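Enquirer: Protein sequences appear in the order of chains A and B.
End of the first sequence = 154 in numbering that gives the first Met the number 0, gap-free, step of one.
End of the second sequence = 154 in numbering that gives the first Met the number 0, gap-free, step of one.
Virtual Cβ for every residue (Gly too), placed ideally from N, Cα, C.
All of these numbers come straight from a predicted model, not from anything done at the bench.
Sharing a structure with you now.
Number of protein chains: 2
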Amino acid sequence: MVCTMEPTPGAATPARLRTTPSWLLTQTAAHAARLVAEGLGALDARGYHYRLLAALDEFGPASQADLGRRCGVDRSDVVAVLNELAAKNLVRRSPDPADRRRNVITLTTAGRRELHRMGDTLDRVQDTLLAPLSPSERDELNRLLTAVLDHHSGR
Amino acid sequence: MVCTMEPTPGAATPARLRTTPSWLLTQTAAHAARLVAEGLGALDARGYHYRLLAALDEFGPASQADLGRRCGVDRSDVVAVLNELAAKNLVRRSPDPADRRRNVITLTTAGRRELHRMGDTLDRVQDTLLAPLSPSERDELNRLLTAVLDHHSGR
DNA sequence: ATCCAATGTTGGTAGGGCCAACATATCAGA
DNA sequence: TCTGATATGTTGGCCCTACCAACATTGGAT
């Protein structure tokens, strides 16, 4: 879905906007989000799902709070996403014997399989997104964005 | 207020995410949006308000449909934002004698003044956002984002 | 014991980005 | 000139990401 409400061709966008980094960033991100939504949507998933599955795959079983911290997802949102993932048997949620406050979230085999499928479609999405950039330009973009991101994070 | 639900320091973010352009983009954009919201919020405004005012200032009076097309804002959202701007006397909405379907939206003196105030705070926001980048890096980022944006737009 | 911190949950909120439908008005072609 | 396709302003609604507040339960530290 999403047909993007971007400035329509034929109607010039104000220069004040075109030259503002925050505008460039949010507009480009909107395109990225749209493409990601389309890609993951075909797999009946959203960005949040991929994030959590990726963290589970890379770091192994974890508590919900850990997952949220790693992926930048609020605790309350983690709950909802995990409910959905668990309903599809992509993860298992079991109480942590060592700390009864926690749940241990484990990636299932089906979950790992889905993760890979999502990863593949996301790879294609990146390519579509960055189509106009050369490999070195893509690297440079990644570098700059990472710098900004690191700066505004805990570091 | 938005305190950003970013990956918490101490908890590593999955490499799969850290190296994915679309993730870098949306996360950075989230920071940008947060900073913009804080800045404009202090002036009791939002991004949409700035966009429309900027277009009016740069291109003069326009119809609502034109404004929406120029700024990438849906017609229905333009209505709401214009209601708010008109309530504050920042714009005037009058029927177009030449085409009775349209309204002619005009920037008022107060509107132009507010626009400048917003522009000033947004300038500061850009500086905060891009703090870790050198001037040439900022230019490069702008260039790359513009390329991606142009590619995915009407061109 | 006590108090503070962390965890999982529920239930909101806000902004940006859309869509469908409608009445009214315009315009181009038959 | 009649007519069907289009454009415009409006209303009402939906979704996703990003948060926040509050609460009960469980751990930890003192």
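#1: Quick one: residues in its chain with C-beta nearer than 7 Å to the C-beta of C2(B), no 5 flanking neighbours on either side, listed in chain order?
#2: State the CB to CB distance for the pair T105(A) and L89(A), rounded to an integer number of angstroms; the pair is presumed to be in contact (CB under 8 Å).
#3: Rounded to whole angstroms, what is the Cα-Cα separation between L16(B) and T18(A)?
#4: Using a Cβ-Cβ distance cut-off of 7 Å, determine whether V103(A) contacts chain B.
#5: When the Cα atoms are used, what is the spatial distance from E157(A) to Q63(B)?
#6: Just to make sure I have the definition right: I need the residues of chain A whose C-beta is within less than 7 Å of the C-beta of R160(B). Which are they?
#7: Beta-carbon separation of L35(A) and S21(B) under 7 Å?
#8: On the three-state DSSP scale, how would you describe L106(A)?
#9: What are the uninterrupted segments assigned as alpha helix (DSSP H) that are 4 or more residues long and contained completely in the region 37 to 67 of chain B, given in chain order?
#10: So with CB distances below 8 Å, who are the chain A contacts of G118(B)?
#11: Counting only beta-carbon separations shorter than 7 Å, does H48(A) have a partner in chain B?
#12: Taking C-alpha atoms, which residue in L39(B), S93(B), E83(B), T25(B) lies nearest to V124(B)?
#13: Flag R100(B) as yes if its beta-carbon sits less than 7 Å from any beta-carbon of chain A, otherwise no.
#14: Does the distance from the CB of C70(B) to the CB of A54(B) come in under 7 Å?
#15: Helix or strand or just coil, what does DSSP make of V124(B)?
#16: Can you check which of these residues, G118(A), P13(A), L51(A), is closest to V78(A) by C-alpha distance?
#17: Flag T107(B) as yes if its beta-carbon sits less than 7 Å from any beta-carbon of chain A, otherwise no.
#18: Can you give the Cα-Cα distance for T27(B) and L121(A), rounded to whole angstroms?
#19: In this structure, does DSSP put P96(A) in helix, strand or coil?
#20: What would DSSP say about R101(A), mapped onto helix, strand or coil?
#21: With a threshold of 7 Å between beta carbons, is H115(A) in contact with chain B?
#22: Let me make sure I understand the geometry here. Which of R99(A), L42(A), R101(A) has the alpha-carbon closest to that of D119(A)?
#23: For V90(B), write down the residues that DSSP places opposite it in a beta bridge.
#24: Taking P20(A) as the query, report the chain B residues whose CB atoms sit under 8 Å from its CB, ordered along the chain.
#25: If distances are taken between C-alpha atoms only, which option among R33(B), E113(B), R101(B) comes closest to K87(B)?
#26: Alpha carbons only, please: which of A14(A), Y47(A), T25(A), E57(A) is nearest the one belonging to A14(B)?
#27: Just to make sure I have the definition right: I need the residues of chain B whose C-beta is within less than 9 Å of the C-beta of D65(A). Which are they?
#28: Could you name the residues of the same chain whose beta carbon sits closer than 8 Å to that of L84(A), not counting the 5 residues immediately before and after it, in chain order?
#29: By the three-class DSSP mapping on this structure, what secondary structure does P131(B) have?
#30: Would you identify the three-state DSSP class for S152(B), choosing helix, strand or coil?
#31: Please confirm whether A146(B) and P134(A) have their CB atoms less than 7 Å apart.
#32: By DSSP, does D76(A) sit in helix, in strand, or in coil?
#33: DSSP state of P20(A), grouped into three classes?
Expert: By the coordinates alone:
#1: Its pLDDT being 38, under 50, C2(B) is placed unreliably by the model, and the measurement read from it follows with that caveat. None.
#2: With 8 Å as the limit, T105(A) and L89(A) do not qualify as a contact, their Cβ atoms being about 10 Å apart.
#3: 28 Å
#4: no
#5: As displayed, chain A neither begins before 0 nor continues past 154, which places residue 157(A) out of reach and without an answer.
#6: It is not possible to answer for residue 160(B), since the shown part of chain B is limited to 0 through 154.
#7: Note on residue identity: the sequence assigns Val, not Leu, to residue 35(A). In contact: V35(A) and S21(B) (Cβ atoms closer than 7 Å).
#8: strand
#9: 46 to 58
#10: R15
#11: no
#12: L39(B)
#13: no
#14: yes
#15: helix
#16: L51(A)
#17: no
#18: 18 Å
#19: coil
#20: coil
#21: no
#22: L42(A)
#23: L106(B)
#24: A31, Q125, L128, L129, R137, L140, N141, L144
#25: E113(B)
#26: E57(A)
#27: A10
#28: H48, L51, L52, V90, G110
#29: coil
#30: coil
#31: no
#32: helix
#33: helix
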